[in-house]
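Chemist:
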Amino acid sequence: MDGVPQVPEVPRVPEQRRPDSFAGSAALRFSVLGPVRAWRGEEPLATGSPQQRALLAALLLREGRTATAGELIDALWAEEPPSQALAALRTYASRLRKVLDPGVLVSESGGYAIRALGEGALDLAVAQELAAGAEKAKSAGNLCHAREILGRALALWDGEVLAGVPGPYAEAQRVRLEEWRLQLLESRLDMDLEQGCHAEAVSELTALTAAHPLRERLRELLMLALYRSGRQAEALAVYADTRRLLADELGVDPRPGLSELQQRILQADPGLAEPSAPHAEPVTAPVRPAQLPATVPDFTGRASFVAELGEVLASAEGRVMAVSALAGIGGVGKTTLAVHVAHRARGGFPDGQLYANLQGEGARAAEPETVLGSFLRALGTPDSAIPDSLEERAALYRSVLDGRRVLVLLDNARDAAQVRPLLPGTEGCATLVTSRVRMVDLAGAHLVDLDVMSPDEALSLFTKIVGEERVASEREAALDVVAACGFLPLAIRIAASRLAARRTWTVSVLAAKLADERRRLDELQAGDLAVKATFELGYGQLEPAQARAFRLLGLADGPDISLAAAAAVLNLPPDDTEDLLECLVDTSLLESAAPGRYRFHDLVRLYARACAERDEWPPGEREAALSRLLDFYLATAAGVYAIERPGDRLVDHLAASEYPGLMFAERHAARDWLYTEANCLLACARQSAAGAGTLRRAIDLLWAALDLSESGANPREYEATAEALLQSARHIDAPQVEARALMTLAHAHVDGGRFDKADQEAEQVIRLAREADDLLPAGWARNARGIIALYQSRNADGGEHLSRAIEHFRTLGDRPGEASALCNLSRIHLATGRTQSAVALAQQGMEIYDAMGNSMRGANGRYALGMALTQSGQLASATDRLVEALEVFRESRQRLWEGMTLFRLAEVDIAARRFAQAAANAEMALTVLRGIGGEWRRGNVLTVLGHALTGIAQLDRAQVCWREALRIYEDMGSPEASDVRALLSPVQAV
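Heads up, this note's numbering is the position in the sequence shown plus 2, with the first residue counted as 1.
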């Protein structure tokens with residue numbers, strides 16, 4: 003439970019839960035926090051009639067104390083006992099004795115007691131122990147552990163306490179234990195907010211305030227959770243709803259604490275912005291990051307720079323901010339110096355050290371917001387509390403660092419603009435920056451220009467790596483080596499490391515090799531070419547097969563490469579490929595990113611590509627290697643698509659792949675591969691856009707990998723890749739290629755809620771596909787235009803498009819495509835009041851999916867059928883279908899459809915007048931859809947949330963939701979604006 007508060011699951015298909023095994027396998031166990039039940043080991047025991055269970059409950063709740071016959075009669079029947087009450091009581095006791103172990107139910111002093119139970123035999127006793135443990139952990143400042151313990155305690159409740167047990171005693175105990183449960187729940191929610199999990203808590207608190215509208219503590223927690231989630235207007239609306247409800251129901255005002263919270267929210271009290279510290283916080287150690295890379299043991303020279311930078315860092319305590327920026331060519335030792343200085347100075351920064359490689363030397367530098375997210379997590383900020391925008395993250399970062407003494411090392415910066423958001427900006431903190439460029443526009447920075455080593459320093463570094471004995475006998479040759487390296491530290495380190503690894507070589511051998519390299523000294527003195535010359539030393543020592551692998555692997559874009567993909571590039575078996583790659587790792591020309599994955603340093607990749615252009619023969623092998631990589635990704639992605647969507651004809655219409663892909667035995671492994679390879683796969687597609695012979699396959703690869711957009715996993719990268727492929731397609735006269743590129747982009751725009759663009763693109767697809775006689779994209783485009791028309795309330799157009807899409811798919815024999823269009827047509831019928839036919843169409847589509855074993859698209863069919871059943875009034879069946887869909891979408895990582903299904907469940911709940919559950923589902927939908935699906939879908943969810951909140955009398959908060967939905971619809975020019983406007987009063991709508 004650490005970091006994430008409990009959110010109520012959708013209670014549709016309840017499990018038959020049994021208590022945890024509190025004791026040994028043959029011991030008796032009892033449950034009263036729900037139905038009164040008993041087990042011997044794992045075997046359930048018959049507890050008899052309601053009155054017999056009432057007797058058992060009364061004895062269990064006395065925790066071993068004797069209850070007299072009179073007390074038990076009062077407990078079971080109060081003032082109206084039957085004439086034979088005592089005889090009945092004895093009969094119940096006798097029956098229980100036969101069920102329980104000997105000596106458990108004992109007669110004593112004219113009464114009864116339950117004794118000799120093992121530890122943890124009663125769920126109530128376990129809950130009491132857990133609650134005490136949680137309180138102890140909280141007092142010790144360990145909120146995470148306290149929350150986890152309370153979660154275990156609350157999980158012991160299984161519905162209504164003493165469910166179905168009659169009698170006044172049982173009723174009194176029900177009230178007492180329900181009140182205790184709520185107190186525990188409030189305590190856990192309070193700790194959730196203390197831990198920064200306010201966004202996740204909103205859904206649960208919304209449902210709880212609906213179930214317990216007069217419980218002011220829950221209202222207070224909801225206000226605070228909404229405020230910390232950036233929803234100030236809703237927080238104030240909760241107060242207004244509460245004040246009105248208390249006045250109407252009880253004739254009283256809210257308690258002072260609630261009124262004080264309202265005032266603090268109105269005043270934007272900074273004390274509310276972050277969780278307050280727990281009372282025992284002093285015993286809790288603060289998060290203290292220590293992210294500095296290891297310093298090299300053979301650091302050499304640079305004494306003046308070490309002293310100069312050390313003085314600047316030592317002055318941080320009395321300055322607003324100490325910033326030192328080191329500049330120099332690649333390989334000059336900027337990072338090594340900065341890390342060494344940072345380690346020497348770390349004692350002056352007791353609150354921690356942060357480190358980030360900003361990758362400024364590459365084509366894709368690290369985004370500041372990504373780095374800020376990593377820093378905030380390292381400083382103890384939970385994911386749920388990290389905002390989305392760069393500005394908000396930078397502000398929170400500065401706030402978290404306020405009052406701390408932290409050293410920040412920003413390595414390989416691109417420019418000052420990348421660095422500025424990452425500066426702490428507070429007294430006591432300091433920042434070291436390394437970059438290839440002088441950051442003259444970084445205000446207040448202490449600039450250091452780092453040059454190559456002196457000859458003495460260079461020789462000292464070489465000696466430390468190679469060894470004193472080998473260098474002493476060949477000093478002149480060693481001077482020749484460091485001179486050939488241009489005194490560049492990275493070049494010296496590489497050369498010396500290679501020599502140290504080859505005991506049969508002499509220093510003179512290495513010097514002779516360097517002397518044979520024409521123009522090397524000139525290159526070492528010419529900017530970026532210095533790094534290229536340095537890597538030439540390592541490359542020249544490779545065996546031919548290793549050198550080929552180095553050259554060809556450097557051609558592939560993407561952050562890293564898997565072993566299987568590398569085997570495709572090299573056209574070798576995986577075992578041989580792994581041997582070659584591990585050799586490259588040993589020579590430091592390649593890095594092992596993770597088991598089975600490899601990556602180049604950005605500069606090494608550039609050098610490898612230069613080698614490929616110079617050395618690879620015949621030249622066509624470079625294009626062939628990238629073509630094999632594209633084939634590998636296309637074939638594997640097509641296989642994943644086929645596993646996820648059995649019977650779908652798309653795979654039959656993709657370009658042929660000469661190189662095979664991976665095969666998967668089951669869909670989980672296939673899906674894992676797709677999401678793991680997402681960035682590399684999309685990079686390959688983008689890289690292949692430039693080649694006329696690869697463009698069609700690149701577009702088909704994107705089409706086969708459409709889950710990367712539809713799932714919400716990589717929507718922006720997918721869309722950007724589709725844009726790039728479309729631009730390339732428009733430069734060649736190939737209608738089929740352009741149509742398919744447009745189709746992938748239209749798909750991305752539909753997923754993102756940009757319906758006007760998607761419709762225009764789909765219209766072009768139909769025209770181009772007709773020219774190319776390519777029926778599949780035409781059918782997809784008709785289907786897309788149909789659903790877009792539905793979203794835009796153009797139902798007649800939508801019906802026409804979908805009818806023609808069905809014809810296309812039937813002509814192709816594409817049953818899943820036909821099912822998709824049928825389900826979409828069902829929604830058109832719903833929108834035009836033809837409910838009965840809508841149900842039939844959705845049922846038909848779902849049955850097609852099910853017949854083909856297509857579980858994921860079958861979930862789409864259940865989604866459509868659930869909508870139709872909702873409108874037809876068959877709410878129980880609608881709920882069943884939607885819950886079935888939700889389970890599949892969650893298991894398939896389809897976040898967009900998961901969120902939309904929660905939204906549809908909220909609609910069902912409203913129709914069934916389950917307003918609290920509707921609000922909880924709508925809140926969860928907003929959370930799941932955050933950042934995906936587009937604003938139009940968000941407006942729809944907000945509208946439904948407003949209806950749900952109205953149903954639980956949170957009227958002011960409902961108005962806030964509707965006003966936000968109205969703003970979205972008006973900005974988009976959506977017809978839904980008029981419906982929402984009607985929900986608001988004339989004054990509020992203005």
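All C-beta atoms in this analysis are idealised placements derived from N, C-alpha and C, irrespective of residue type, glycine included.
Mind checking whether L676 and S659 have CB atoms under 8 Å apart?
Modeler: No. Outside cutoff.
Chemist: Only counting the same chain, and skipping five residues up and downstream in sequence, which positions put a Cβ closer than 6 Å to that of Q738?
Modeler: The residues are A774, D776.
Chemist: Check the C-beta distance from L1 over to P370 and give it rounded, since I have them as a contact under 8 Å.
Modeler: The structure shown does not extend to residue 1, since the chain spans only 3 to 992, so no value can be given for it.
Chemist: In whole angstroms, what separates the C-alpha of D509 from that of A691?
Modeler: Per the sequence shown, residue 509 should be read as Val rather than Asp. One C-alpha to the other measures close to 48 Å.
Chemist: Between the stretch 555 to 574 and the stretch 599 to 614, do at least 3 Cβ pairs fall closer than 8 Å?
Modeler: Segments in contact, yes.
Chemist: Less than 6 Å between C-beta atoms, sequence neighbours within five positions excluded: which residues of the same chain meet that for G801?
Modeler: For G801, where only same-chain residues beyond five positions count, the Cβ hits under 6 Å are I830.
Chemist: Curious, which full-length alpha helix (DSSP H) runs of at least 4 residues does the stretch 538 to 584 contain?
Modeler: Runs found: 546 to 555, 565 to 572.
Chemist: Which first and last residues belong to the beta strand (DSSP E) in which N414 is found?
Modeler: Start and end: 409 to 415.
Chemist: Apart from the five residues just before and just after G166, which ones in its own chain have a Cβ nearer than 7 Å to its Cβ?
Modeler: Excluding positions up to five away in sequence, the list reads P37, P52.
Chemist: What residue does the beta strand (DSSP E) around W619 start on, and which one ends it?
Modeler: Segment: none, W619 is in no beta strand (DSSP E) and carries neither H nor E.
Chemist: Quick one, which of D758, A568, T813, P546 has its alpha-carbon nearest I790's?
Modeler: Of the candidates D758, A568, T813, P546, the one whose C-alpha sits nearest the C-alpha of I790 is D758.
Chemist: Among Q264, T244, M455, S839, whose alpha-carbon lies nearest the alpha-carbon of Q234?
Modeler: With distances taken between Cα atoms, Q234 lies closest to Q264.
Chemist: If you pair each beta-carbon of the stretch 468 to 476 with each one of the stretch 389 to 403, do three or more pairs fall below 8 Å?
Modeler: Result no; under three Cβ-Cβ pairs closer than 8 Å.
Chemist: Could you please give me the residues that DSSP links to H448 through a beta bridge?
Modeler: Its beta-bridge partners are S326.
Chemist: Using a Cβ-Cβ cut-off of 7 Å (strictly less than) and excluding sequence neighbours within five positions of M869, which residues of its own chain qualify?
Modeler: The answer, listed in chain order, is R829, L832, R906.
Chemist: Leaving aside the five residues before and after L186 along the sequence, list all residues of the same chain whose C-beta is less than 7 Å from its C-beta, in chain order.
Modeler: A133, L152, A155, L156, listed in sequence order.
Chemist: How would you call L191, buried or exposed, if buried means at least 16 neighbouring beta carbons within 10 angstroms?
Modeler: Answer is buried; the Cβ neighbour count reaches 16.
Chemist: Which runs of the beta strand (DSSP E) fall wholly inside the stretch 32 to 81 and span at least 3 residues, in chain order?
Modeler: List check, beta strand (DSSP E) in window: 39 to 42, 45 to 47.
Chemist: Rounding to the nearest angstrom, what Cα-Cα distance links H803 and A722 in this structure?
Modeler: When rounded, the distance between both Cα atoms is 27 Å.
Chemist: Between P284 and the rest of its own chain, which residues show a CB-CB distance below 8 Å, the 5 nearest in sequence each way excluded?
Modeler: Unreliable placement is indicated for P284, whose pLDDT of 35 sits below 50; no coordinate value is reported for it.
Chemist: Count the other C-beta atoms from every protein chain shown that fall within 10 angstroms of the C-beta of N573, then say buried if there are 16 or more, exposed otherwise.
Modeler: Per the 10 Å Cβ criterion, exposed.
Chemist: On a Cα-Cα basis, can you pick out the residue from R416, R969, Y971, V962 that is closest to V228?
Modeler: Sequence check: residue 228 is Leu here, not Val. That would be V962, whose Cα lies nearest to the Cα of L228.
Chemist: DSSP beta-bridge partners for Q355?
Modeler: A292, L409, per the DSSP bridge assignment.
Chemist: Taking L656 as the reference, give the member of G641, D160, E646, A667 with the closest Cα.
Modeler: That would be G641, whose Cα lies nearest to the Cα of L656.
Chemist: Which stretch, first to last residue, makes up the beta strand (DSSP E) that contains Y600?
Modeler: First-last of the beta strand (DSSP E) with Y600: 599 to 601.
Chemist: Nearest to D451 by CA position, among V334, T465, S386, P423, is which residue?
Modeler: When only C-alpha atoms are compared, the closest one is V334.
Chemist: For T725, which of A685, P295, N414 has the nearest alpha-carbon?
Modeler: Looking at the sequence shown, residue 725 is not Thr but Glu. Minimum Cα distance to E725 is reached at A685.
Chemist: Can you look up S805 in the DSSP assignment and give me helix, strand or coil?
Modeler: If DSSP states are grouped into helix, strand and coil, S805 belongs with the helices.
Chemist: Quick one: give me the first and last residue of the beta strand (DSSP E) that V177 is part of.
Modeler: V177 -> not in any beta strand (DSSP E); alpha helix (DSSP H) instead, spanning 170 to 196.
Chemist: What residue does the alpha helix (DSSP H) around A955 start on, and which one ends it?
Modeler: Where A955 is concerned, there is no enclosing alpha helix (DSSP H), given that its DSSP letter is neither H nor E.
Chemist: Please classify S376: does DSSP put it in a helix, a strand, or coil?
Modeler: DSSP places S376 in helix when its eight states are reduced to three.
Chemist: Looking at the unbroken beta strand (DSSP E) that takes in A237, where does it start and where does it end?
Modeler: Taken as a continuous stretch (DSSP letters only), A237 belongs to no beta strand (DSSP E), being part of the alpha helix (DSSP H) at 234 to 251.
Chemist: Using 8 Å for Cβ pairs, my map puts L501 next to L512. What's the rounded Cβ distance?
Modeler: L501 to L512, Cβ: 5 Å. Contact.
Chemist: Output the distance between the C-alpha atoms of K100 and R31, rounded to the nearest integer angstrom.
Modeler: Taking the straight line joining both Cα atoms gives about 16 Å.
Chemist: Under three-state DSSP, which class holds A986?
Modeler: In the sequence as displayed, the identity of residue 986 is Leu instead of Ala. Three-state result, L986: coil.
Chemist: Rounding to the nearest angstrom, what Cα-Cα distance links T506 and L315 in this structure?
Modeler: About 45 Å.
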